[in-house]
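Report on the following structure.
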Amino acid sequence: MTDAAERSLKVLVYSDDVNTRQQVILALGRRPHPDLPELEYVEVATEPVVLQNMDRGDIALAILDGEAVPAGGMGIAKQLKDEIYECPPVLVLTGRPQDAWLATWSRAEAAVPHPIDPIQLAEAVIGLLRPSVPATS
Numbered sequence: 001m002t003d004a005a006e007r008s009l010k011v012l013v014y015s016d017d018v019n020t021r022q023q024v025i026l027a028l029g030r031r032p033h034p035d036l037p038e039l040e041y042v043e044v045a046t047e048p049v050v051l052q053n054m055d056r057g058d059i060a061l062a063i064l065d066g067e068a069v070p071a072g073g074m075g076i077a078k079q080l081k082d083e084i085y086e087c088p089p090v091l092v093l094t095g096r097p098q099d100a101w102l103a104t105w106s107r108a109e110a111a112v113p114h115p116i117d118p119i120q121l122a123e124a125v126i127g128l129l130r131p132s133v134p135a136t137s
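Under full-length UniProt numbering, the residue at position 32 of the sequence shown is numbered 32, and the numbers go up by one with no gaps.
So, in structure tokens, the structure goes:
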């Protein structure tokens, strides 16, 4: 494994809608901030595959679509937080800004409403990933 691959951060992006997954990936790009390593995306369309990937333990951040069907991201977020020891941060995409309280119930660390605002999404992701990256001097 190369140094670059070792330093990249895996970000799981869950939605049953391929367009939503692509919007998230395009909004964040490969490196949303110079202080962060490159991001490697794991696109997931179903709840069982989310759980498989999260159980592996190499995901740095999960971005879950709260509007996904049949399994919504908020319910999955709550399950992950309840079942995975030291679960990585979770960001939930809500249907509207007023749904942020539901993301709090799900124990997600952050919520960003649809339609996705690239700046708001990047700020939330940077805030969640920065503590997991060792400081360099």
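Beta carbons are placed, not taken as given, at the ideal position from N, Cα and C, and that holds for glycine. Predicted model, so just to flag it, every value in this text is computed and none were measured.
Using the Cα positions of Pro48 and Pro70, report the straight-line distance between them to the nearest angstrom. Each residue's alpha carbon lies about 12 angstroms from the other.
Using a Cβ-Cβ cutoff of less than 6 angstroms, which residues in the same chain neighbour Pro89 once the five nearest sequence positions on both sides are dropped? These residues qualify, in order along the chain: Leu61, Glu109, Leu128.
My assumption, with CB atoms under 8 angstroms, is that Leu12 sits in contact with Met54. Please give the rounded CB distance. The Cβ separation is near 7 angstroms, so the contact holds.
Tell me the rounded alpha-carbon separation between Ala40 and Lys10. Position check: residue 40 holds Glu in this sequence, whereas Ala was assumed. Cα to Cα, the separation comes out at about 5 angstroms.
Is Arg56 buried or exposed, if buried means 16 or more other CB atoms sit within 10 Å of its CB? Exposed is the call here.
With contact counted as at least three CB pairs below 8 angstroms, one residue from each stretch, are the segment 98-106 and the segment 16-36 in contact? Not touching, per the Cβ criterion.
Status (buried if at least 16 other CB within 10 Å, exposed otherwise) for Ser137: Annotation note: pLDDT 47 at Ser137 (below 50); position unreliable, no value reported.
For Gly29, does the count of other Cβ atoms within 10 angstroms reach 16, so buried, or fall short, so exposed? Exposed: under 16 other Cβ atoms inside 10 Å.
How should Asp65 be labelled, buried or exposed, when 16 other C-beta atoms within 10 angstroms of its C-beta is the threshold for buried? Asp65 should be labelled buried.
Do Ile25 and Leu51 have their CB atoms nearer than 9 angstroms? Contact: no.
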